[in-house]
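Following: one structure in structure tokens, then a few remarks.
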Amino acid sequence: MHLILDRAGKILHAGPTLHKMRDAAQLVGRDLLDVFDIKFPRSLSSQTDLQGIDQTKLRLKLRDAPHTSLKGIMLPMDRTQDRVIVNLSFGISILDGVRDFALTNADFAATDLAIEMLYLVEAKTAAMDASYRLNTRLQGAKIAAEEQAYTDTLTGLKNRRALDTVLTRLLERHASFAVMQIDLDYFKAVNDTLGHAAGDHVLQNVARIMVDETRGLDLVARVGGDEFTVVLPEVSSDEVLRRVGNRIIQRLEEPMPFQGTDCRISASIGTVWIQPGETATMEDLLADADVALYASKNAGRAKQTLYHPELREAANAVSAPAQNDRRHP
1 MHLILDRAGK ILHAGPTLHK MRDAAQLVGR DLLDVFDIKF PRSLSSQTDL
51 QGIDQTKLRL KLRDAPHTSL KGIMLPMDRT QDRVIVNLSF GISILDGVRD
101 FALTNADFAA TDLAIEMLYL VEAKTAAMDA SYRLNTRLQG AKIAAEEQAY
151 TDTLTGLKNR RALDTVLTRL LERHASFAVM QIDLDYFKAV NDTLGHAAGD
201 HVLQNVARIM VDETRGLDLV ARVGGDEFTV VLPEVSSDEV LRRVGNRIIQ
251 RLEEPMPFQG TDCRISASIG TVWIQPGETA TMEDLLADAD VALYASKNAG
301 RAKQTLYHPE LREAANAVSA PAQNDRRHP
């Protein structure tokens, strides 16, 4: 990290570290004041000022970008003062050297205090890299764990926890959305006659069909053995809901081959549509969807029913005599 000058201030030699900072062709043969702007002492403003110089402290700055600041000491190499050496070993900011020129401990003499600083900079860089990699892995593990916590392992759909989270957000925003409660008809018969492997196969096919027949912004969740819920934000009309429900019912009525046997099911749907600005609790919302679902089953299954208050009144009227019978055997 040094320069050797002649009496007129022309650069005769540049150390290897300076070669990394500036190509040798940009240094050797040029005047010192053409390469560096001398900030201190101000008296060194021309080449003639360098002649007959004794030991002098310097503050310099490269004239070309990145205009790195340097500190050093200038002194004659011999009594004839034909040549002058400029020692800059202690004069560069370690951070500037690493950032702008990729300097390492090999660019400084082993006795330089800069070595210790470089070790600290390199150690800090290594520690920051290791910390970044660790944080990246931890963040990835966190995301994976959260995704797993909200996912049904058999079908890949969202689960009850995810459904509750989405419904809570929509209700807090008083948003317009619809909820479909979907129950598979005749699924128990598939399990009983063909086994649980066939049942799993059917559930996975049901999940795929429901995702196919809904939008990317909709939520499809498996909330029980053969129970599913679809949340549809930003619904424009009940006609849209009828079309979506009918497509799902029609697709699910198609036979699902399994090991040479056709599995046959259907689906009953109860739908609630929350209009813009309406308020409701999650419990009431899901209860209303269940009322509409049971109305579909009572109507012969493979149907969709949109909730309206009269359904609740009819359900209460049916349940009241049954409750009285239990109280008075």
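Position 17 (the sequence shown) corresponds to 17 in full-length UniProt numbering; numbering is contiguous.
All residues carry an ideal CB built from backbone N, CA and C; glycine is no exception.
In its chain, beyond the 5 residues on either side, T68 have a beta carbon closer than 6 Å to the beta carbon of L62. Judged by DSSP in its simplified three-state form, M210 adopts helix. Residue pairing by DSSP places L88 in no beta bridge whatsoever. Taken through DSSP and simplified to helix, strand or coil, R83 comes out as strand. For H19, the uninterrupted alpha helix (DSSP H) run begins and ends at 16–21, by DSSP.
Look at the beta carbons and you see the region 237–248 touching the region 264–281: at least three pairs across the two are nearer than 8 Å. When Cβ pairs closer than 8 Å are counted between the two stretches, the region 253–267 is seen to touch the region 197–214, the count reaching three or more. The way I'd put it, the region 291–311 doesn't touch the region 204–214; fewer than three beta-carbon pairs between them come closer than 8 Å. Residue nearest to D82 within the set H174, I11, L252 is I11 (criterion: CA-CA distance).
Three or more pairs of CB atoms, one per stretch, sit closer than 8 Å, so the region 160–171 contacts the region 272–284.
Looking at the backbone, the Cα of S176 and that of L232 are separated by about 9 Å. The C-beta distance from I4 to I85 rounds to 6 Å, short enough to fall under 8 Å.
Looking only at G224, P255, A127, T155, the smallest Cα-Cα distance to V190 is reached by P255. Taken atom to atom, the span from the alpha-carbon of K124 to that of S46 is near 42 Å. Going by DSSP, M74 is part of no alpha helix (DSSP H) but of the beta strand (DSSP E) stretching over 69–76. In the displayed model, Q304 falls within a strand according to three-state DSSP. DSSP, read as helix, strand or coil, puts A178 in strand.
As the crow flies, the alpha-carbon of D288 is around 20 Å from that of A162.
For E227, DSSP records a beta bridge to D183. Around the beta carbon of Q181, 16 or more other beta carbons lie within 10 angstroms, which makes this residue buried. Rounded to whole angstroms, the gap between the alpha carbons of R137 and L154 is 26 Å. Excluding its 5 nearest sequence neighbours in each direction, R222 has C-beta neighbours in its own chain below 6 Å: D152, T155, L157, F228, listed in chain order.
Under the three-state reduction of DSSP output, A295 falls in the helix class.
Out of P66, L70, N87, the CA that lies nearest to the CA of P76 is found in N87. Comparing alpha carbon positions, the residue from E234, T305, A65, A207 closest to D226 is A207. Looking from the CA of V28, the closest CA among I38, K39, P16, D37 belongs to P16. Boundaries for D262: no alpha helix (DSSP H) harbours it, while the beta strand (DSSP E) harbouring it runs 261–263, taken from the DSSP string. G199 sits in a helix when the DSSP states are folded into three classes. Per DSSP, the unbroken alpha helix (DSSP H) holding G245 starts and ends at 238–252. When rounded, the separation of the alpha-carbon atoms in I274 and K303 is 20 Å. For the pair V220 and A292, the Cα-to-Cα distance works out to about 18 Å. For V28, there is no enclosing beta strand (DSSP E), as DSSP marks it with neither H nor E. The alpha-carbon separation between Y150 and L70 amounts to approximately 58 Å. CA-to-CA, the gap between T56 and M128 works out to about 40 Å. Here G9 is buried, its C-beta having at least 16 other C-beta atoms within 10 Å.
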